[in-house]
Amino acid sequence: MGVAVGYDHRQQVREAAKRFAEQPAAVCVHYGIKVYLYEGFVATPLVPFHIEKNGCAAGVMLTAWQRRSRRMTRAPLTRSWPTWLPGDCRTRRLRRSRNRSRRSIENPQEELEKLYFERARAGLCHYPEANAGMTLHIAYTAMHGLGHVFTSHSFAAFGLRSAFLCKCSFSPTPNSPRPKLQVSWRISRVLVGYWEPEQHIRLKPGCDREQLYFIVSTVPSKMPRAVAQAEGLNFEEILIDFK
222 MGVAVGYDHR QQVREAAKRF AEQPAAVCVH YGIKVYLYEG FVATPLVPFH IEKNGCAAGV
282 MLTAWQRRSR RMTRAPLTRS WPTWLPGDCR TRRLRRSRNR SRRSIENPQE ELEKLYFERA
342 RAGLCHYPEA NAGMTLHIAY TAMHGLGHVF TSHSFAAFGL RSAFLCKCSF SPTPNSPRPK
402 LQVSWRISRV LVGYWEPEQH IRLKPGCDRE QLYFIVSTVP SKMPRAVAQA EGLNFEEILI
462 DFK
């Protein structure tokens, strides 16, 4: 049993996601509940994966609102389905030292990440030989700079060649975007993602546009869909990890 806790990179003013993750961990330790606290950035699927593997009673994934604010989002994860709740700060007065009880807190990251990708390869990689010989070029644009590490590990697990990474969204930007920059920020990400296949077309004028795909998560899909339709590219919408 126990509770799995993970957090992302984002920092809001003085309170980092790590600090907010330590608060529910401290509450659990106070009441004698075992805590599996992922250290450092962790992709959301690893929290429910830990719940399933180790039979945890629940899990909590800490992330931040996309604006400069002290508010965070806690996503309590149970065996059934995640429910998104606004975070509150009532546990701030708990001393951080309570989070570090060696007997009550364990970091499962290294073991669970390795096992996650092993199972993903065993259960989902149906054509390893074809993957190894793939000649397709894939450009990857991370919406928040969050998915690069997780995606790179996934490509390696499936035997795929590395993707071309959009450099401007390669790394997390903890305090961005501000509300007034939200629209331009999203448009810039779309245009940079569009620029990657355009460069491929420029370098290889004889390439077939019908062989180019935009594969986009549900949240930012409207603008990429419009670009794909206008340019005669293929468009596929997928669910994001926590859905």
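Take this note's numbering: the final residue in the sequence shown is number 464, and no numbers are missing along the way.
Even glycine gets a Cβ: it sits at the ideal position worked out from N, Cα and C.
Check whether the Cβ atoms of V268 and A242 sit closer than 8 Å, and answer yes or no. Reading the sequence shown from its first residue, position 47 is the one you call residue 268. Reading the sequence shown from its first residue, position 21 is the one you call residue 242. The answer is no: Cβ separation not under 8 Å.
Could you name the residues that DSSP lists as bridge partners for G227? Counting from 1 along the sequence shown, the entry for residue 227 is found at position 6. G227 pairs with M282.
So, at 7 Å on beta carbons, what are the nonlocal neighbours of F376 in its own chain, with the 5 sequence-adjacent residues on each side left out? Counted from its first residue, the sequence shown places residue 376 at position 155. Correct list, in chain order: S383, A384.
Contact defined as beta carbons within less than 8 Å: I believe V281 pairs with P329. What is the distance between those atoms, to the nearest angstrom? As a working note, residue 281 is residue 60 in the sequence shown. As a working note, residue 329 is residue 108 in the sequence shown. In fact, because the Cβ distance is near 14 Å, the residues do not count as touching under 8 Å.
Three-state secondary structure assigned by DSSP to I436: Against the sequence shown, residue 436 aligns to sequence position 215. Reduced to three states, the DSSP call for I436 is strand.
Determine the burial state of H347: buried for a count of at least 16 other Cβ atoms within 10 Å of its Cβ, exposed for fewer. Along the sequence shown, read from residue 1 onward, the residue named residue 347 stands at position 126. By the neighbour-count rule (16 or more Cβ atoms within 10 Å), H347 is not buried but exposed.
Roughly how many angstroms lie between the CA atoms of K239 and V437, to the nearest whole one? The residue given as residue 239 occupies position 18 in the sequence shown. The residue given as residue 437 occupies position 216 in the sequence shown. The alpha-carbon atoms of K239 and V437 are separated by roughly 28 Å.
Nearest neighbour of A387, chosen from V370, P349, A278 [CA to CA]: Numbered from its first residue, the sequence shown carries residue 387 at position 166. Residue identity check: residue 387 is Cys in the sequence provided, not Ala. Nearest of V370, P349, A278 to C387, Cα basis: V370.
On the criterion of 16 or more Cβ atoms from any shown chain inside 10 Å, does A363 qualify as buried, or is it exposed? Locating residue 363 in the sequence shown gives position 142, counting from the first residue. A363 should be labelled buried.
Proximity of V250 and I326 at Cβ, strictly below 8 Å: Here the question's residue 250 lines up with position 29 in the sequence shown. Here the question's residue 326 lines up with position 105 in the sequence shown. Yes, Cβ-Cβ distance for V250 and I326 is below 8 Å.
Close Cβ partners of Y259 (< 6 Å) along its chain, the five nearest in sequence each way excluded: The count along the sequence shown starts at 1 and reaches residue 259 at position 38. Hits under 6 Å: G227, Q330.
Other residues of its chain near I459: CB distance less than 8 Å, five sequence neighbours each side excluded: Against the sequence shown, residue 459 aligns to sequence position 238. The answer, listed in chain order, is I436, V437, S438, T439.
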